[in-house]
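Everything in the sequence shown is counted per the working numbering, starting at 44 for the first residue and increasing by one.
Backbone N, C-alpha and C fix where the C-beta goes; we use that ideal spot for every residue, glycine too.
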Amino acid sequence: MESSIMKTSGRLETYSIFSLGIFCTIAFRSLTILKTCEPSLVRPMWYAGVIGYFVFFLYRFHISSKRRRAVRYYRLVETVRQDTFLTGEQRDAMLYLLGSIEKSKENINYFAIFFFSIIAILVDMAFCLSGK
Numbered sequence: 044m045e046s047s048i049m050k051t052s053g054r055l056e057t058y059s060i061f062s063l064g065i066f067c068t069i070a071f072r073s074l075t076i077l078k079t080c081e082p083s084l085v086r087p088m089w090y091a092g093v094i095g096y097f098v099f100f101l102y103r104f105h106i107s108s109k110r111r112r113a114v115r116y117y118r119l120v121e122t123v124r125q126d127t128f129l130t131g132e133q134r135d136a137m138l139y140l141l142g143s144i145e146k147s148k149e150n151i152n153y154f155a156i157f158f159f160s161i162i163a164i165l166v167d168m169a170f171c172l173s174g175k
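Put into structure tokens, the structure is as follows:
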């Protein structure tokens, strides 16, 4: 398997994505204030938040997929199950952690957020075009 599966994100990439998530959180929370103070900024801020979350969760989906591929490709659950050097408690803990990553549905959650973000943008655009 290519080594990119085991390659972790660099510091700049990590902090950039983290900052994007913080920005989106602030953007969405500022909407009610903007609605009162500066209504013309509500829609641009909403788009910035939705598009930012779109990028953020697409990135998180990618990371989650890499973790799952690594667990499957390297047969980590099976390998830990057969390793005689681990204590019973260590083996149980490793099986729990690896199995949890492999079975996690977070990738579906990320996809749903991604999908419904696109739907929300399209619905809003339709409302704009219809004059509502």
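May I ask you to report which of helix, strand or coil DSSP gives T68? Indexing the sequence shown from 1 puts residue 68 at position 25. Three-state DSSP puts T68 in a helix.
Return the first residue and the last residue of the alpha helix (DSSP H) that D167 is part of. One-based indexing of the sequence shown puts residue 167 at position 124. Here the alpha helix (DSSP H) through D167 covers E149 to S173.
Inter-residue spacing [alpha-carbon to alpha-carbon] between T122 and S62: Locating residue 122 in the sequence shown gives position 79, where the first residue counts as 1. Locating residue 62 in the sequence shown gives position 19, where the first residue counts as 1. Taking the straight line joining both Cα atoms gives about 37 Å.
Say whether the stretch 155–165 touches the stretch 83–101, bearing in mind that this needs 3 or more beta-carbon pairs closer than 8 Å, one atom from each stretch. These segments touch.
How many whole angstroms separate the CB atoms of R111 and E56, which I take to be in contact at a CB cut-off of 8 Å? On the sequence shown, residue 111 is found 68 positions in, with the first residue counted as 1. On the sequence shown, residue 56 is found 13 positions in, with the first residue counted as 1. Rounded, the Cβ-Cβ distance is 20 Å, inconsistent with contact.
In chain order, what residues of the same chain lie with their CB nearer than 7 Å to the CB of K78, ignoring the 5 residues before and after it? Locating residue 78 in the sequence shown gives position 35, counting from the first residue. Same-chain partners within the cutoff: V85.
Taking all protein chains shown into account, decide if I65 is buried (16 or more other Cβ within 10 angstroms of its Cβ) or exposed. In the sequence shown, residue 65 corresponds to position 22, counting from 1. If you draw a 10 Å sphere on the C-beta of I65, you find fewer than 16 other C-beta atoms in it, and that means exposed.
Could you check if M88 is buried or exposed, using at least 16 other CB atoms within 10 Å of its CB as the buried criterion? On the sequence shown, residue 88 is found 45 positions in, with the first residue counted as 1. In the assembly as shown, M88 is a buried residue. Its beta-carbon has 16 or more other beta-carbons within 10 Å.
When you compare only the Cα positions, how much space is there between F100 and T68? Start at 1 with the first residue of the sequence shown, and residue 100 comes out as number 57. Start at 1 with the first residue of the sequence shown, and residue 68 comes out as number 25. In a straight line, the C-alpha of F100 is about 13 Å away from that of T68.
Applying the 10 Å Cβ sphere with the 16-neighbour rule, what's the burial state of Y139? Locating residue 139 in the sequence shown gives position 96, where the first residue counts as 1. Counting Cβ neighbours within 10 Å, Y139 comes out exposed, since fewer than 16 surround it.
F154: which of L119, R118 and R103 sits nearest, CA to CA? Position 111 of the sequence shown, counted from the first residue, corresponds to residue 154. Per the Cα distances, R103.
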